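Residue numbers (the numbering used here): 3 to 990.
We treat Cβ as the ideally placed atom computed from N, Cα and C, and that holds for glycine.
Keep in mind the model is a prediction, meaning the values are calculated, not measured.
Below: the structure, in C-alpha cells.
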C-alpha cells in the first residue's frame, strides 16, 4: 500500500513531533536464534516450517535458515497450524484484545479473523481432509472443544464436560480427535470419534499437553510435565505404557510435534527445533534466524522536587463517604479520620495517632463511625462515638478486618476477615451489635469490594470476580447478591460481558430507598434501576463524563458524592447537575534542618567495587554536601556521628512490592528496619498509595519513599481487585490522565492489555516523562516499554514467553534484554529462591528484624512449605540471572511481596543473587544505583555522593564480602533524618 502525503498530513506530523518529548528513535536489530516456548508446524508437503517466536508467525525452509515474518508484532500470534492444501496457516491471536482464531496466506497476505466475540479461542488445529479447524474455547462456561467451518464460518461445540478440554488434534484421516481433559472422573488424554462418546486414552494426574496423532492413527505423541522434567511421550491407541521419546535433560515445550514420516518427527525443546527418529535418542537441530527491529525512543523523564517545603494539596483521600444528612463527608488521609462539613473550608481531624485508621462508614443516624485500625497490632473493628469522642474496639480478631458496613437499621455491621490460609481471600461476616456475636454469611471471597446493604436488610451486595473458567485466572467483576437467609447467591451485571471498576470502594452501592444501584464502569459513574429483590429492571444511566471513584448516596437518595480524580463532587440524580465540593486541605514534606558529619569507617558509594575508607560525610538538611578524608574538627562545631567501625551503604530499593493499608503502621517501619529507604509499587490503589506517600513523607508515620502507579492496566478481563479494565477510546484517556494528575511515578500495563493499547499507553507515558513496565517482553521491548517484571509469572497465554516450565530462559529473551537496555526485575526469590533459603540455610531467620516484625508461627509455616519444595529446576533461574548481569543487561531487585514477607524477602533476593554467582558488589549496585536509574531518580538517589539525598544505611561487618552483613543494620537515614534501633523497632 502506498501512502501519499498531503499538507494536512505534514502539518499533523510536525504538530505531533514538535509537541512530543521524544528526542530520537534508536533502531536496534536483534537476531533470534533460539525461542522460549515457541511452537512449530510442518507444512503438508514437508518443505516449510511455520513457527511462532515471541508472538509473530514466521516461515522458513524445513531445513532451517532465515525466517520470514508473516504477521506483524502486534497480534500475539501463537501455535500455527497448516491448511490441508498447504496454502494457509491458522493460529491463535490476541490482536483484538481476546484470543481468537485467525489465518493468513503462506505469503503473508490476506490476514483474516475467523472467530469473534468476548470469549477466548485457543490452540487451533486444521483438519487434514476438510476446511475445518478445531480449537478450545471458554464460550460455554469453561474450556471445551469447538469446530469452525472455515468456508461457512459456522461454529459447533464438540465437548461439554464440566472439566476443561483443550489442545485438540485431528487424526491423519480427519475422523477422530485427541485432546486433553481435566474432568474430575479421570483427567488425561481422550479420543473423540465422529458422533461418538469420548474415550479415555491416557489417565494421568500430571499435566499433559498437545496430543498429535501418528500418521498411522495407531499412536499419539504428547507432552507431559513432571516435577523433575518436561518430556515427549508416545502411547499406543489401544493402551499400554508410555514410551518416553525425549532425553531426560530436554526442556520440551508444551506444543504439538510434527511428523515428517512414520518414523521421523519434529518438536521444540531447549530453545531449538529438533529433528528425531523413533527408537533413537539422538536429535538434530534445525537452525533458524529471525530478525526483529526494536524502536526505542529516548525521552525526558519526570522531574521531581524532593526539596519542596511548600504546602501541597492532599491527594491521598481514601474512601470519602457522605453522611446520611448529606452535610458532611468522612474519609481517611494522613493515617487518620477526618470529617469535612460542606462550606467550612477545612476538614476536622477526628483521630490522631501513628496508627492507620481506615475505611470509615457512617451509622444510619449519623452519630457514629465504624472503621478499622491497627491500634492493637493488626486491623481490628472500631466504632467512634461522634458525640462523646470515645473509640470502642468491637472486635479484636487474630486476622485483619476490613470494609465495615452498617445495616440500614443500625443493628449489624458487615465486614471482611482475612483468610489466613489464602493470600487475598476473605470471609464475609456479620456482627450483631446487641450481642457482639459474628457469623460468616459467605465463605472465602477473592478480593471483594465494600459490602453494601439492601434497605430491608435482606441482601448484601459486593463486586466480585466471576471467572470465565477454572483454567486461567481471568474473569469479570460483577455484582454479587448475597441473601442473608443463606439462599443461593447470584451474579448480575448492568452491562453483559463488561467488567465493573476496581473492586474496592467503587460500588455497587444501593440507594437508601432501594430503587437504584450506583457503580463505576469505564471510569465513570452510572446508576441502574432495581426491584426489591435487586433484579435489574431498566437500562443504566450515565451520571458523569469525567473520571469518578468511590460513590456514596445521600440519605434521601437524591444525590451521589464521588471523587472526580482528586476533587470531591456531588451529582443530582434528578437533573444531573454536578457541583464541586471545595475543601482546603494540605500537607508538607518533613525537611530536616540539621548539619552534621558522619565519620564513617567505610563507605560503599554504589558505584565502586572498593570502599571509601575513613571519611567524613557532611550532611546539611536532607542532602549530602561533601565527602572528605576524615580530619578531626574539619567541619567546626558540626555534630559528629561516630560510625568509624561501621559501613555506610546507600539506602536500598525494593523494586517490586504491592502494599496496602492492611499492613498497618509497622508495614512502613519494617522497610526502614531492613535498610530499604525506597520502594516501587507496580500496581496498587492509587489513593491508598498516596495516603502512604503523604503520611511517610510528612513524618506522620515512619516509612520509605514510595514510587507508585495505580491499578494494573488490564484488558477486557481482570483478576486482581486493583486491575482497571481498559478498552481504548475515552475510557483509556481518563485512566491515563489520572496517572498525570495524581503524580504517578510509572505506569504498569498488565497481561490482558493488547499490544496495540500497550503501545499507545507507552507513547502517552513517555510524553509525560513516565516509564512503563509490564510482564511482557515482546513486542513491548520494541515499542519502548522500559521494564519487565518477573522472570516468569502470570501470562495471558497460559505459559510464559520468558520462562519455560523447567525455569529456562533462552537466547531470544536474553538478547532482547541485553541489546535493548530494557530493565528486568526477575524476582528470583519468588521463583523459588526464598523457599530454597528457608529450606537450606539454618541462619535464614536469625536476625533482629524478623523477631520484631514476624512470628514463630510464620517461620514454622514457611519452613514447612519449603520442605515440600522441589528444587530440581530452580538453578536454571540462577543461571539466567548470572548470564544477564554478566552480559550487560540491566537487572534490579524486587520480590512481589507480600506474597513472600516484605523486607525479609528482599534480603533473600540479595542472597539469591550472590548464590547465583554474582558478587556482593554487583548485587548491591543493582539494589541501589541501577534501581534509581530505572525509576529516573539517579540525580537524587541511589549512591552516596555529594549532592545526593541522604538515604544511608549503617551496617556492621563487610557487606562487599558477605552479603548477609547487609542485615546487620544499626541505624538508617532517610532524607537526612536518623532512625535508631529503638525507633525502628517501636515507631516511637
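Let me know the secondary structure DSSP gives residue i once reduced to three states.
i           : result
residue 420 : strand
residue 801 : coil
residue 988 : helix
residue 914 : helix
residue 326 : coil
residue 851 : helix
residue 768 : helix
residue 777 : coil
residue 732 : helix
residue 876 : helix
residue 24  : Any reading at residue 24 is ruled out, since the residue's pLDDT is 38, under 50, leaving its predicted position unreliable.
residue 320 : strand
residue 672 : helix
Buried or exposed for residue i, going by 16 or more other Cβ atoms inside 10 Å?
i           : result
residue 585 : buried
residue 78  : buried
residue 535 : exposed
residue 205 : exposed
residue 118 : exposed
residue 425 : exposed
residue 310 : exposed
residue 315 : exposed
residue 394 : exposed
residue 804 : buried
residue 389 : exposed
residue 982 : exposed
residue 295 : exposed
residue 539 : exposed
residue 553 : buried
residue 775 : buried
residue 810 : buried
residue 814 : buried
Taking 8 angstroms as the cut-off, decide whether the C-beta atoms of residue i and residue j are in contact.
i           : j           : result
residue 181 : residue 223 : no
residue 359 : residue 373 : yes
residue 687 : residue 959 : no
residue 763 : residue 738 : yes
residue 339 : residue 366 : no
residue 556 : residue 332 : no
Go to residue i, then tell me how far its alpha helix (DSSP H) extends in each direction, as first and last residue.
i           : result
residue 927 : 922 to 927
residue 820 : 813 to 822
residue 863 : 858 to 869
residue 695 : 688 to 700
residue 616 : Taken as a continuous stretch (DSSP letters only), residue 616 belongs to no alpha helix (DSSP H), being part of the beta strand (DSSP E) at 614 to 622.
residue 937 : 933 to 937
Output the boundary residues of the beta strand (DSSP E) element that contains residue i.
i           : result
residue 402 : Counting along the chain, residue 402 falls outside any beta strand (DSSP E), and DSSP gives it neither H nor E.
residue 168 : 167 to 172
residue 598 : 597 to 605
residue 491 : Looking at the DSSP string, residue 491 is not in any beta strand (DSSP E), and its letter there is neither H nor E.
residue 373 : 370 to 375
residue 842 : Unbroken run through residue 842 is the alpha helix (DSSP H), 836 to 842; no beta strand (DSSP E).
residue 569 : 569 to 574
According to DSSP, what are the bridge partners of residue i?
i           : result
residue 661 : Note: residue 661 sits in no beta bridge, so no partner.
residue 428 : 420 and 447
residue 957 : 649 and 971
residue 90  : 107
residue 297 : 29
residue 792 : None; residue 792 has no bridge partner.
residue 274 : 271
residue 201 : 193
residue 157 : 150
residue 315 : 588
residue 381 : Answer is none; residue 381 lacks a bridge partner.
residue 386 : 371 and 393
residue 224 : 235
Quick check: does the Cβ of residue i come within less than 7 angstroms of any heavy atom belonging to the ligand MG?
i           : result
residue 802 : As for the ligand MG, it is missing from this structure, which has no ligand bound.
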